[in-house]
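In UniProt numbering, the protein residues as written are 1 to 524.
Set out below in structure tokens:
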């Protein structure tokens, strides 16, 4: 039988026993819980309510007693009111309690209580009527006489109901205790059975595991000692049988490996010696290559310095060209501003000429008005002489204004012509500056391209220099690796010889003159 099957069977039985114990315990616990719940939520609460009713009845009895003792009407009335309130409370309590009592015995005890309660209530009403009527003596006699037996009967009935509920609570408690005792017995019995089964299953499983494992340990110890000729039985279907078969396969594989290692160890030793010789030759050639690379790297460093200097000069020339472009562009902007200013002056001169034309027109109209005024003054005779003098002065003023306007117009016309000539010259200068700026921009672009090309050349040379440096480092590293490889080949040759000596320790079947007899080991 497989070990897994044995383990499954053993632990399965234990699990079933534990499940039985747990299920039984849960059932008993539910029973105890139900009994305790009944005791606490039913019987105990009913007894508490009955004791509360009993206390209220005692309060009513004290109030009835006080009514016959007191002499002050106000105090008696206060006791009556308190008695009425307490009776209402008692009635409400009995109403709630009657709904909770459902057993036949409880209903019978409750019927006795209701009978005694009705009789005692009638006597109370009669007593309160006497008190209300002021018949203190009759009330006192009734309190000590017929009211007392009714009160005692009522209290006795209540005590009987309390005793009934107390008995029910004790019965439930006893049932819970009995259930707990039975649960303890069941748990102890189940635990004992589970322990016995566990011991038996453990013994069975341990024997099934340890015996084959001990056999496997003996086989492994023999293999560890170098004896690969040991024969043993590996039949069976259990896990330990598979382990023994695996050990047997391992032994066979080790035999093949050791034989193969013995055959190839000498070959490895010879090959490692050849590798060591080749590595020594390669180390010499690698050192020569490293020296050549160092010289090439030095030449590339000088070339890189020259290209870097050319790139710096091209960059400075490009910066100077950019500065000249900026200055030329600013000059072009100034010329443009001058052109704009000349155009504004020309426009202002033309506006002045127009204004002078308006002044000339006004002077001409004023002259005509002066002539008309002189004619009108001549018609007026002596009365218009003064007006004629004024008209003459106005005419003279208009003529002088017209002459002055003509002179100014002549000057303005000449100024406008000169301004137009200046504007034309400034326009020509602006066009020339634009051509200069364009030419300088072309030079700047060319210098920028030269600078960029020089920078790229410098970067390329730097990359080549870096690559040469890396190649130099790689060559030096290769030389070191070749030396290490040569040392490793020498070490490999030594280790191959050691390996030949090490595998000679193992004893194979062929070396013992046959397969030998089985050792008698058997797998379960």
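Backbone N, C-alpha and C define an ideal beta-carbon position, used for all residues, glycine too.
What residues in its chain sit with their C-beta under 6 Å from that of residue 329, if we drop five residues either side in the sequence? Here residue 329 refers to the residue found at position 329 of the chain shown. The residues are 437.
Going along the chain, which residues of its own chain have a beta-carbon closer than 8 Å to the beta-carbon of residue 544, five neighbours each way excluded? As shown, the chain starts at 1 and ends at 524. That puts residue 544 outside it, with no answer to give.
Element boundaries [alpha helix (DSSP H), containing residue 135]: What you label residue 135 is simply residue 135 of the chain shown in a count that begins at 1. Counting along the chain, residue 135 falls outside any alpha helix (DSSP H), and DSSP gives it neither H nor E.
Taking residue 67 and residue 76 to be in contact with their CB atoms under 8 Å, please state how far apart those CB atoms are, rounded to whole angstroms. Taking the chain shown and counting its residues from 1, the one referred to as residue 67 is at position 67. Taking the chain shown and counting its residues from 1, the one referred to as residue 76 is at position 76. About 5 Å separates the two Cβ atoms, so the contact holds.
Taking one C-beta from the stretch 349-362 and one from the stretch 398-413 each time, how about it: are there three or more such pairs within less than 8 Å? Verdict: yes, contact present.
Given a cut-off of 8 Å on the beta-carbon distance, is the pair residue 366 and residue 398 in contact? Here residue 366 is taken as the residue at index 366 of the chain shown, counted from 1. Here residue 398 is taken as the residue at index 398 of the chain shown, counted from 1. Yes. Within cutoff.
Suppose only complete runs of 3+ residues qualify. What are the beta strand (DSSP E) ranges in the stretch 369-435, listed by chain order? none
CB residue 190 to CB residue 17, shorter than 8 Å? Walking along the chain shown from the start, residue 190 turns up at place 190. Walking along the chain shown from the start, residue 17 turns up at place 17. Result yes, Cβ atoms of residue 190 and residue 17 sit closer than 8 Å.
Rounded C-alpha distance that separates residue 463 from residue 260: In the chain shown, counting from the first residue as 1, residue 463 sits at position 463. In the chain shown, counting from the first residue as 1, residue 260 sits at position 260. In a straight line, the C-alpha of residue 463 is about 53 Å away from that of residue 260.
Which of helix, strand or coil does DSSP assign to residue 227? The residue you call residue 227 lines up with position 227 of the chain shown. Looking at residue 227 - three-state DSSP - the assignment turns out to be strand.
For residue 15 and residue 233, what's the separation of their Cα atoms in angstroms? On the chain shown, position 15 is the one that residue 15 refers to. On the chain shown, position 233 is the one that residue 233 refers to. So the alpha carbons of these two residues sit roughly 36 Å apart.
Assign residue 270 to one of two classes, buried (16 or more other C-beta atoms within 10 Å of its C-beta) or exposed (fewer than that). As a first step, residue 270 is located in the chain shown; it is residue number 270 there, counting from the start. Residue 270 is exposed by the Cβ-count criterion.
Residue 525: first and last residue of the uninterrupted alpha helix (DSSP H) it sits in: The question about residue 525 has no answer, for the chain in this structure spans 1 to 524.
Straight-line Cα distance separating residue 384 from residue 409: For the purposes of this step, residue 409 is identified with residue 409 of the chain shown, where counting begins at 1. For the purposes of this step, residue 384 is identified with residue 384 of the chain shown, where counting begins at 1. Cα atoms of residue 409 and residue 384: separation of roughly 37 Å, rounded to the nearest angstrom.
Let me make sure I understand the geometry here. Which of 138, 239 and 337 has the alpha-carbon closest to that of residue 535? One cannot answer for residue 535 here, as it falls past the ends of the chain, which runs 1 to 524.
Please name the residue in 283, 217, 344 and 6 whose C-alpha comes closest to that of residue 198. Position 198 of the chain shown holds residue 198. Closest by alpha carbon: 6.
Anticipated Cβ contact below 8 Å, residue 472 with residue 297, distance rounded: The residue labelled residue 472 in the question sits at position 472 within the chain shown. The residue labelled residue 297 in the question sits at position 297 within the chain shown. The pair is a contact, with the Cβ atoms about 5 Å apart (cut-off 8 Å).
Excluding the 5 residues preceding and the 5 following residue 486 in the sequence, name in chain order all residues of the same chain whose CB lies nearer than 7 Å to its CB. For the purposes of this step, residue 486 is taken as the residue at position 486 of the chain shown. Hits under 7 Å: 276, 279, 280 and 283.
Do you know how far the Cα of residue 165 is from the Cα of residue 114? What you label residue 114 is simply residue 114 of the chain shown in a count that begins at 1. What you label residue 165 is simply residue 165 of the chain shown in a count that begins at 1. Residue 114 and residue 165: Cα-Cα distance of roughly 17 Å.
Against chain C, with Cβ distances strictly below 8 Å, would residue 488 count as a contact? The structure shown contains no chain C; it holds only a single protein chain.
Backbone CA spacing between residue 185 and residue 27 [nearest angstrom]: The sequence position of residue 185 within the chain shown is 185, counting from 1. The sequence position of residue 27 within the chain shown is 27, counting from 1. Rounded to whole angstroms, residue 185 to residue 27 spans 14 Å at the Cα level.
Note down the Cα distance separating residue 87 from residue 175, rounded to an integer number of angstroms. Along the chain shown, read from residue 1 onward, the residue named residue 87 stands at position 87. Along the chain shown, read from residue 1 onward, the residue named residue 175 stands at position 175. Cα to Cα, residue 87 sits roughly 38 Å from residue 175.
Would you tell me roughly how many angstroms separate the C-alpha atoms of residue 418 and residue 351, rounded to the nearest one? The residue you call residue 418 lines up with position 418 of the chain shown. The residue you call residue 351 lines up with position 351 of the chain shown. Residue 418 and residue 351: Cα-Cα distance of roughly 16 Å.
Applying the 10 Å Cβ sphere with the 16-neighbour rule, what's the burial state of residue 117? By 1-based counting over the chain shown, the position of residue 117 is 117. By the neighbour-count rule (16 or more Cβ atoms within 10 Å), residue 117 is buried.
When the Cα atoms are used, what is the spatial distance from residue 48 to residue 162? Taking the first residue of the chain shown as position 1, residue 48 is located at position 48. Taking the first residue of the chain shown as position 1, residue 162 is located at position 162. Their backbone Cα atoms lie some 9 Å apart in a straight line.
Selection from 140, 63, 136 and 120 that minimises the alpha carbon distance to residue 153: Here residue 153 corresponds to residue number 153 of the chain shown, with the count starting at 1. The residue with the shortest Cα to Cα distance from residue 153 is 120.
Using only the alpha-carbon positions, how far apart do residue 521 and residue 225 sit? In the chain shown, residue 521 corresponds to position 521, counting from 1. In the chain shown, residue 225 corresponds to position 225, counting from 1. Below a pLDDT of 50, predicted positions are generally treated as unreliable, and residue 521, at 46, falls in that range; no measurement from the model is reported.
Give the C-beta separation of residue 247 and residue 216 to the nearest angstrom, bearing in mind that I take them to be a contact with Cβ-Cβ under 8 Å. Residue mapping note: residue 247 aligns to position 247 of the chain shown, counting from 1. Residue mapping note: residue 216 aligns to position 216 of the chain shown, counting from 1. Sure, about 6 Å apart at Cβ, within 8 Å.
Which of helix, strand or coil DSSP assigns to residue 237: Locating residue 237 in the chain shown gives position 237, counting from the first residue. In this structure, residue 237 counts as coil in the three-state DSSP scheme.
Is residue 70 helix, strand or coil when you go by DSSP? Along the chain shown, one-based indexing puts residue 70 at 70. Three-state result, residue 70: coil.
Is DSSP giving residue 146 helix, strand or coil here? Along the chain shown, one-based indexing puts residue 146 at 146. Of the three classes helix, strand and coil, the one that applies to residue 146 here is coil, per DSSP.
Beta-carbon contacts of residue 82 that lie in its chain and below 6 Å, excluding the five residues immediately before and after: Reading the chain shown from its first residue, position 82 is the one you call residue 82. Only 63 meet the Cβ criterion.
Let me confirm a value: residue 501 is counted as buried when at least 16 other C-beta atoms fall within 10 Å, else exposed. Which label applies? Numbered from 1 along the chain shown, position 501 holds the residue referred to as residue 501. Residue 501 comes out exposed.
Roughly how many whole angstroms lie between the Cα atoms of residue 74 and residue 134? On the chain shown, position 74 is the one that residue 74 refers to. On the chain shown, position 134 is the one that residue 134 refers to. Near 13 Å, if we compare the C-alpha coordinates of residue 134 and residue 74.
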